[in-house]
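Presented below is the structure to which this report refers.
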Amino acid sequence: MKAPERDKYVDWLRALSLIVVVVWHWAFTILDWKPYGPEPTSPLGFTSGLWILTWLLQVLPLFFYVGGHVHLLSWHRAKARGTGIGSFVWRRIRALALPALFLSGAWIAIGAVVTYTFQVDWMWRVVLLVLSPLWFLGVYLVLIALLPVALWLHQRYDVLALIWLGGAALVVDVLRFRYEVEWVAWLNMIIVWGLAHQAGFFYDRVVVLPRRYDIALLWTGMFALVGLVYSGIYPGSMVGVPGDRFSNMAPPTFVIVALLLFQIGLVEVLRPAMERVLERPRWRRLNDFINRYSLPLFLFHTTGMAISLGLSWWLFGTLGDRIPPDSVWWLERPIAVIGPLICTAPVIYLFGRRRTPVGQTQDKDVGGSISSEHG
Numbered sequence: 033m034k035a036p037e038r039d040k041y042v043d044w045l046r047a048l049s050l051i052v053v054v055v056w057h058w059a060f061t062i063l064d065w066k067p068y069g070p071e072p073t074s075p076l077g078f079t080s081g082l083w084i085l086t087w088l089l090q091v092l093p094l095f096f097y098v099g100g101h102v103h104l105l106s107w108h109r110a111k112a113r114g115t116g117i118g119s120f121v122w123r124r125i126r127a128l129a130l131p132a133l134f135l136s137g138a139w140i141a142i143g144a145v146v147t148y149t150f151q152v153d154w155m156w157r158v159v160l161l162v163l164s165p166l167w168f169l170g171v172y173l174v175l176i177a178l179l180p181v182a183l184w185l186h187q188r189y190d191v192l193a194l195i196w197l198g199g200a201a202l203v204v205d206v207l208r209f210r211y212e213v214e215w216v217a218w219l220n221m222i223i224v225w226g227l228a229h230q231a232g233f234f235y236d237r238v239v240v241l242p243r244r245y246d247i248a249l250l251w252t253g254m255f256a257l258v259g260l261v262y263s264g265i266y267p268g269s270m271v272g273v274p275g276d277r278f279s280n281m282a283p284p285t286f287v288i289v290a291l292l293l294f295q296i297g298l299v300e301v302l303r304p305a306m307e308r309v310l311e312r313p314r315w316r317r318l319n320d321f322i323n324r325y326s327l328p329l330f331l332f333h334t335t336g337m338a339i340s341l342g343l344s345w346w347l348f349g350t351l352g353d354r355i356p357p358d359s360v361w362w363l364e365r366p367i368a369v370i371g372p373l374i375c376t377a378p379v380i381y382l383f384g385r386r387r388t389p390v391g392q393t394q395d396k397d398v399g400g401s402i403s404s405e406h407g
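Residue numbers (the numbering used here): 33 to 407.
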């Protein structure tokens with residue numbers, strides 16, 4: 033029996049969501065070198081109104097949504113082969129955790145050697161900055177571990193599970209902002225991202241909806257975003273901005289739920305056009321290529337960025353950026369990714385190569401992008 037054809041649009045969305053994060057970090061991270069080490073900031077804090085772009089460029093809600101769909105699809109296939117849920121979950125945890133643990137261990141070792149050899153106390157700040165993007169992989173691993181619970185909720189309560197998760201996220205925000213119970217905010221790291229992941233279980237149902245529902249979903253998310261942001265409670269940016277009272281991302285607020293609705297609606301509105309584009313041979317090859325390397329690129333992109341900055345300091349004596357960013361800085365953004373990309377490529381070649389080409393396994397999730405699920 034011929035295996036069903038892969039959903040090229042799913043692959044595109046998953047890879048693109050990671051690549052957008054990588055390019056954002058490379059092009060728009062501003063490092064201010066203090067006596068105690070590097071301090072990252074963002075051009076959003078210096079440019080009025082630029083935060084609106086984060087409604088499109090903060091794509092982690094979309095990544096978790098697509099991840100939920102892929103996990104459900106992969107579980108159905110594994111179950112048909114007789115695989116138990118415990119084995120299924122453990123294989124995915126192992127495939128994703130091992131590369132992340134290797135990377136973390138390597139940087140911790142580098143930090144220790146540099147600190148104690150050269151007495152550079154700020155080296156630990158560098159290690160923290162390099163490893164900080166891995167926070168979302170930690171959350172993703174927790175959601176994989178909770179997959180049996182999520183599947184049970186989906187089977188038992190269907191869409192009601194989403195309503196409960198959305199309500200819980202809103203209650204957390206009420207406790208946080210109305211009653212100043214700060215610690216409760218961290219519950220939304222699982223509730224909000226868990227909602228996005230759980231929403232992915234409904235992917236197939238969303239796809240077959242008439243187009244008017246896609247448009248309705250987009251506008252619902254848009255109006256919710258506008259209402260929440262202009263309520264005066266939440267910042268407008270979907271990433272942390274210097275000067276804001278808090279970030280909508282760390283930990284996530286209910287605004288991210290509205291962003292999820294908006295982005296699901298947007299990708300569904302764009303689906304017919306993108307599916308036609310992805311059928312073209314060149315776009316198909318591009319889609320296969322970026323899916324092959326998107327997760328290794330994400331894992332190692334800050335390593336490549338650190339190497340690029342180190343080489344820049346060694347060769348040209350330059351370190352850090354102009355603050356506030358001027359017009360020259362903005363004009364340099366298209367080429368700012370070249371150095372980190374060149375320095376990341378050999379790291380991926382050495383530590384992040386796949387074992388099998390794209391498309392040879394029909395049961396590939398985010399972990400498979402590195403290791404083809406380690407056999």
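Each residue gets a CB set at the ideal place from its N, CA and C atoms; glycine is no exception. Treat the numbers as computed from the prediction; the structure is a model and nothing was measured.
Asked                                                                                                                                                             : Found
Who are the Cβ neighbours of L293 in its own chain at under 7 Å, not counting the five residues just before and after it?                                         : L249, T252, G253, A256
Let me confirm a value: D64 is counted as buried when at least 16 other C-beta atoms fall within 10 Å, else exposed. Which label applies?                         : exposed
Secondary structure at M270, three-state DSSP: helix, strand or coil?                                                                                             : coil
So, do the stretch 133-152 and the stretch 175-195 have three or more beta carbon pairs nearer to each other than 8 Å?                                            : no
At which residues does the alpha helix (DSSP H) containing W87 begin and terminate?                                                                               : 86-89
Please identify the residue among R244, I339, Q90 whose C-alpha is closest to the C-alpha of L302.                                                                : R244
When you compare only the Cα positions, how much space is there between G170 and Q151?                                                                            : 31 Å
Going along the chain, which residues of its own chain have a beta-carbon closer than 6 Å to the beta-carbon of V204, five neighbours each way excluded?          : V216, L219, N220
According to DSSP, is P242 helix, strand or coil?                                                                                                                 : coil
Do the stretch 186-202 and the stretch 68-78 meet, that is, are 3 or more Cβ pairs less than 8 Å apart?                                                           : no
Run through DSSP, which three-state label would W184 get?                                                                                                         : helix
Does the distance from the CB of P372 to the CB of W139 come in under 8 Å?                                                                                        : no
Taking CB distances under 8 Å as the criterion, tell me whether I176 reaches chain C.                                                                             : Included in the structure is just one protein chain, with no chain C present.
Where does G399 land, buried or exposed, given buried means 16+ other C-beta within 10 angstroms?                                                                 : Any reading at G399 needs caution, since the residue's pLDDT is 44, under 50, leaving its predicted position unreliable; the model's value is listed next. Per the 10 Å Cβ criterion, buried.
Return the CA-CA distance between V98 and V42, expressed in angstroms with no decimal places.                                                                     : 7 Å
For G232, which residues from the same chain have a beta carbon less than 8 Å from its beta carbon, with the 5 sequence-adjacent residues on both sides left out? : F96, Y97, V98, G99, G100, H101, V102, H103, L104
With distances taken between CB atoms, is the gap from V289 to V224 smaller than 8 Å?                                                                             : yes
What is the DSSP secondary structure of D276, counted as helix, strand or coil?                                                                                   : coil
Run the CB neighbour count on G297, radius 10 Å, all protein chains shown included, and call it buried at 16 or more, exposed below.                              : buried
Give me the Cα-Cα distance between S344 and G264, rounded to the nearest whole angstrom.                                                                          : 42 Å
Among Q295, G275, M270, whose alpha-carbon lies nearest the alpha-carbon of P283?                                                                                 : M270
Report the partner residues of K66 according to the DSSP bridge assignment.                                                                                       : G69
If you measure between the beta carbons of Y266 and V239, is that distance less than 8 Å?                                                                         : no
Tell me the residue span of the alpha helix (DSSP H) that contains E364.                                                                                          : Note, E364: premise wrong, no alpha helix (DSSP H); not H, not E.
Relative to the C-alpha of V261, which residue among W83, L50, F78, G77 is closest?                                                                               : W83
At what residues does the alpha helix (DSSP H) containing Q151 begin and finish?                                                                                  : Note, Q151: premise wrong, no alpha helix (DSSP H); not H, not E.
Closest to T285 by C-alpha separation, out of L227, M306, Y235, would be which residue?                                                                           : L227
Any idea what DSSP makes of P304, helix, strand or coil?                                                                                                          : helix
Can you check which of these residues, V162, R237, L166, is closest to V191 by C-alpha distance?                                                                  : R237
Any idea what DSSP makes of P131, helix, strand or coil?                                                                                                          : helix
Just mark S74 as buried or exposed, buried being the case when its beta carbon has 16 or more other beta carbons within 10 Å.                                     : buried
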